[in-house]
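In terms of our numbering, the sequence shown has 329 at position 318, counting the first letter as 1, and numbering is strictly consecutive.
Working notes, structure below.
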Amino acid sequence: MKIFKSLWFWLISIAVILAIIVFLTSNKKTDVQSTTHHKAKNPTTETARANQTSELSDTKAQYFPLQSYRVGPYAAGGTGFYGGFIDYMKSINAQGGINGVKLVWSECETEYVVEKGVECYERLKKGLNGVPAAATNPLSVGIAYATLERSTKDKLPLITINHGRTDSTDGRVFPYVFPLQLNPYSEVSAIINYLGEKSGGVANLKGKSIAVLYHGSPYGKETIPVIDALSKKYGFKVHQIEVPHPGNEQQSQWLNIRRIQPDWVILRGWGVMNPVALKTAQKVGYPVDKVIGNIWSNSEEDAAPAGNAAKGFISITTHPSGTNFKVLQDIKQLVIDQGQSDLSDVTRFGTVYYNLGVVNGILNVEAVRVAQAKFGQRPLTGEEVRWGFENLNLNDQRLKELGATGLVQPLKLSCEDHEGGGAVRFQQWDGSKWNVISDWVQADRTFLRPIIEESSQKYAKEQGIQIRDCASEQS
């Protein structure tokens, strides 16, 4: 009997101990959830920042939803770009906002994954605490393609600076999509024009051989048709060579390039693909100064990891790196020096990706400013901000007022033209930094426009879209 009593005693004791453990574990889980929620409100880490909602959240502010990516193989681009974009918005707020209207934003982590990008779009498109969304800026061709029709339906501008669907340049068919500054076709056309200059004129490209090493994604494949068209126009031979995502193995592709021995290689990379390409080029003996990087192969993060293999590498840019611009100095004074930068590593201030984010911030803010002149100094809807983008005119005088002379090319958009620029400069890596080595090189937009319109009109027919009459809208 004593044995049974003793057994019951121990069973009851064990049950009590288990109950205490369960209780403590439950409380700990609640504490962790509370801590995470607190970090999301007052972020101090990169992970917390990915869920950031800016402190301003009243209905008198203008909201920007950010489909950002700070983790994964393309994190260098995401953290730099959104760091510059957010720091610019912070500097605008520090100066009173846009005509007194402050800016607010929140982030949703996409990891550069299309499905997550769509989820983030749906989560953020309706605004924040009653504040309407101004525009989306996903910095991803895949996400842009996946949300293009949704953006049009929701009347929310989709900004694809230096990338995106090329035929969305035709605003008559794509009223809510803006491939600002440089669409993919203009990028390739400008590179070919530069190679023509280096050859003594584009007529001398006849008989030359150009390999295009492209990222195996919608972004990478976007320019295949226009390269083919340009090769027929100028008589050079083109070799299209795909690198599967993410691009950390390229031995077979570069052995093929060594066999072909092209006069140049156009590198249309992204993320880890770029330094791997430069290292592998050196390994197989292909001269790196014959490799021309596109707009997403032009950052410090693309060249520096390749070490000595990157020295002499040439790429295009729509904006130089560096901090010797008044707008950058304003950000330094108002944001960086105050310890308020979005960058976890402030040594990236003034780098290529960061400066692109600043440029993107300028274009978004100026579109809102232009739209306010028509609709009033208040938070605007996406439809109203679209009007601002279509009437954006950044001439030399306005760029000087913004402190962005030399950082942003003059830009004029319209109902028909949602790109507005089409010019690039070329830069060369000296082993530690980029140096601009050319003046502005303009794409052949006259040659490209019929190709763009053929594609946009085909899309309009397939989708049953009524092409806008821009003349009647402007009258």
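Note that CB positions come from ideal geometry on N, CA and C, so glycine has one too.
Being a predicted model, the structure only gives us computed values, none of them experimental.
Own chain partners of residue i with C-beta closer than 6 Å, once the 5 adjacent residues on each side are dropped
i           : result
residue 203 : 241
residue 153 : 125 and 229
residue 317 : 286, 289 and 290
residue 440 : 314, 321 and 324
residue 121 : 78, 80, 127, 128 and 131
residue 308 : 278, 280, 285 and 326
residue 110 : 383 and 388
residue 217 : 246
residue 33  : In this prediction, residue 33 scores a pLDDT of 45, lower than 50, which makes its location untrustworthy; no coordinate-derived value is stated.
residue 213 : 207 and 245
residue 8   : Given that the chain is displayed from residue 12 to residue 486, the structure contains no residue 8 and the question cannot be resolved.
residue 416 : 410
Cβ shell of residue i (< 7 Å), same chain only, five flanking positions each side left out
i           : result
residue 72  : 112, 113, 114, 115, 142 and 390
residue 86  : 80
residue 239 : 249
residue 433 : 193, 197, 453, 454 and 456
residue 138 : 74 and 144
residue 472 : none
residue 46  : Residue confidence is low: residue 46 scores 24 on pLDDT, short of 50, so the model does not pin down where it sits. Its coordinate-derived value is still stated next. So no residue of the chain qualifies.
residue 275 : 206, 221, 301 and 303
residue 476 : 184
residue 386 : 395
Anticipated Cβ contact below 8 Å, residue i with residue j, distance rounded
i           : j           : result
residue 93  : residue 368 : 6 Å
residue 347 : residue 336 : Not quite, the Cβ-Cβ distance comes to about 14 Å (not below 8 Å), so this is no contact.
residue 353 : residue 97  : 4 Å
residue 314 : residue 324 : 6 Å
residue 149 : residue 78  : 4 Å
residue 132 : residue 147 : 6 Å
residue 338 : residue 418 : 7 Å
residue 140 : residue 70  : 7 Å
residue 350 : residue 100 : Rounded, the Cβ-Cβ distance is 17 Å, inconsistent with contact.
residue 491 : residue 435 : Nothing can be reported for residue 491, as the shown portion of the chain is limited to 12 through 486.
residue 295 : residue 258 : Wrong, their Cβ atoms sit about 16 Å apart, outside the cutoff.
Contacting residues, own chain, Cβ-Cβ under 8 Å from residue i (five flanking each side not counted)
i           : result
residue 252 : 222, 223, 224, 225, 264, 267 and 268
residue 481 : 182, 183, 425, 426 and 427
residue 215 : 207
residue 479 : 182, 183, 184, 186 and 426
residue 38  : With a pLDDT of 41 at residue 38, under the threshold of 50, the modelled position of that residue is not reliable, and the figure given next carries that caveat. So the list is empty, once near-sequence residues are dropped.
Alpha helix (DSSP H) segment containing residue i, residue limits
i           : result
residue 437 : It is not in any alpha helix (DSSP H) - residue 437 instead sits in the beta strand (DSSP E) that spans 434-440.
residue 164 : 152-165
residue 90  : 86-105
residue 291 : 284-295
residue 235 : 235-245
residue 469 : 456-474
residue 366 : 363-386
residue 265 : 262-271
residue 400 : 393-401
residue 351 : Per DSSP, residue 351 belongs to no alpha helix (DSSP H) and is neither H nor E.
residue 485 : 481-485
residue 204 : 195-209
residue 128 : 125-135
residue 342 : 337-342
residue 412 : 407-413
CB contact below 8 Å: residue i versus chain D
i           : result
residue 208 : Although the question refers to chain D, the structure presented lacks it and comprises just one protein chain.
CB of residue i within 8 Å of CB of residue j, strictly
i           : j           : result
residue 3   : residue 76  : With the chain covering only 12 through 486, there is no way to say anything about residue 3.
residue 377 : residue 403 : yes
residue 395 : residue 182 : no
residue 379 : residue 399 : yes
residue 363 : residue 332 : yes
residue 345 : residue 151 : no
residue 227 : residue 254 : yes
residue 186 : residue 163 : yes
residue 95  : residue 366 : yes
residue 327 : residue 437 : yes
residue 165 : residue 136 : yes
residue 171 : residue 157 : no
First and last residue of the uninterrupted beta strand (DSSP E) at residue i
i           : result
residue 328 : 325-328
residue 74  : 73-79
residue 492 : Only positions 12 to 486 of the chain appear in the structure, and residue 492 is not among them; the question remains open.
residue 120 : 114-120
residue 319 : It is not in any beta strand (DSSP E) - residue 319 carries neither H nor E in the DSSP assignment.
residue 253 : 248-255
residue 2   : There is simply no residue 2 to check, as the chain begins at 12 and stops at 486 in what is shown.
residue 222 : 220-227
residue 446 : 445-447
>> With three or more beta-carbon pairs closer than 8 Å as the criterion, would you say the region 411-422 touches the region 297-315?
In response: no
> Is there contact here, the region 241-258 with the region 178-191, by at least three beta-carbon pairs under 8 Å?
Replying inline: no
> Between the region 162-178 and the region 460-468, do at least 3 Cβ pairs fall closer than 8 Å?
Replying inline: yes
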